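Numbering (full-length UniProt numbering), first residue to last: 345 to 606.
For every residue, glycine included, the Cβ atom is placed at its ideal position computed from N, Cα and C.
Note that the structure is a prediction, hence the values are computed from the model and not measured.
Have a look at the structure below before the remarks.
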Ligand code: ADP
């Protein structure tokens with residue numbers, strides 16, 4: 345039972361009267377418990393499914409890499425085209441599974457971070473090369489050089505690739521992406537800037553929520569709405585902040601900060 349009301353006390357501090365209502369919340373409590381159980385089952389299912397998918401995907405990926413190497417000696421133009429298409433799909437599936445695995449780890453408190461001091465410049469140039477291989481985007485870097493940060497290098501690489509890939513995906517006409525680095529007090533701020541369609545102000549507060557997508561029908565671009573959520577959770581764990589400045593029709597600047605090592 346849940347009570348709501350006012351109690352009256354005598355001089356000795358004993359309650360002698362209660363005015364109010366009592367509500368039987370048994371059913372409400374059962375529903376809450378059922379919802380929590382359902383959510384837990386959903387998380388467990390996601391975790392098991394993504395773990396199970398990871399092994400065959402890894403072996404498929406290895407076969408594809410081999411085919412990719414062999415095509416130069418044995419392949420016809422058609423084989424080359426098919427291998428390229430398969431590689432692209434493989435990359436998408438791998439990213440989706442990786443995202444699901446990361447979310448499972450976050451849910452179970454098992455996403456461990458390894459912090460070291462490293463140069464943000466090297467990481468950015470690695471990321472630029474990675475994306476340049478995939479398309480004809482001009483990726484420019486601007487701002488300060490030779491800055492060192494204290495964070496998990498692998499995870500920051502993952503976040504940077506995610507933000508640049510989002511710029512490529514959601515701002516396809518932008519053609520130019522800028523990665524800007526600056527210092528803000530004891531933090532280093534890294535921004536990924538595109539000149540794409542921008543994001544409506546009312547969407548911005550939800551962008552870093554789990555499963556949030558602006559285009560909910562998913563007709564235009566595929567995705568699970570997990571990328572930015574994972575980025576935000578990692579940055580929070582590293583003691584930084586993440587956000588976006590965006591204007592419709594002008595573009596977006598997704599940024600995050602990390603503790604500076606100098
Ligand atoms: P997903 O790409 O799987 O939808 P994300 O969490 O990476 O998931 O992104 C959430 C949403 O934010 C996307 O669905 C998209 O609508 C929006 N978004 C992300 N990056 C950009 C960008 N650079 N320009 C415009 N919209 C973006």
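What is the DSSP secondary structure of residue i, reduced to helix, strand or coil?
i, result
"residue 555", "coil"
"residue 530", "coil"
"residue 604", "strand"
"residue 445", "helix"
"residue 412", "helix"
"residue 393", "helix"
"residue 540", "coil"
"residue 596", "strand"
"residue 524", "strand"
"residue 492", "strand"
"residue 469", "helix"
"residue 438", "helix"
"residue 519", "coil"
"residue 535", "strand"
Along the chain, where does the beta strand (DSSP E) that runs through residue i open and close?
i, result
"residue 420", "From DSSP, residue 420 is part of no beta strand (DSSP E); its letter is neither H nor E."
"residue 578", "Counting along the chain, residue 578 falls outside any beta strand (DSSP E), though it belongs to the alpha helix (DSSP H) covering 571-581."
"residue 511", "From DSSP, residue 511 is part of no beta strand (DSSP E) but of the alpha helix (DSSP H) over 497-514."
"residue 589", "586-591"
"residue 483", "482-487"
"residue 463", "460-463"
With respect to 8 Å, is the separation between the Cβ of residue i and the closest non-hydrogen atom of ligand 1 below this value?
i, result
"residue 530", "no"
"residue 362", "no"
"residue 481", "no"
"residue 484", "no"
"residue 397", "no"
"residue 573", "yes"
"residue 570", "yes"
"residue 587", "no"
"residue 389", "no"
"residue 446", "no"
"residue 411", "no"
"residue 538", "yes"
"residue 557", "yes"
"residue 600", "no"
"residue 608", "With the chain covering only 345 through 606, there is no way to say anything about residue 608."
"residue 608", "One cannot answer for residue 608 here, as it falls past the ends of the chain, which runs 345 to 606."
"residue 450", "no"
"residue 513", "yes"
"residue 590", "yes"
"residue 383", "no"
What do you reckon, are the CB atoms on residue i and residue j nearer than 9 Å?
i, j, result
"residue 518", "residue 538", "yes"
"residue 411", "residue 393", "no"
"residue 440", "residue 391", "no"
"residue 383", "residue 574", "no"
"residue 527", "residue 599", "no"
"residue 514", "residue 459", "no"
"residue 508", "residue 525", "no"
"residue 594", "residue 542", "yes"
"residue 521", "residue 492", "no"
"residue 364", "residue 353", "no"
"residue 579", "residue 502", "no"
(request) Let me know the beta strand (DSSP E) ranges lying completely inside the region 354-403, each 3 residues or longer, listed in chain order. (result) 359-367, all fully within the region 354-403.
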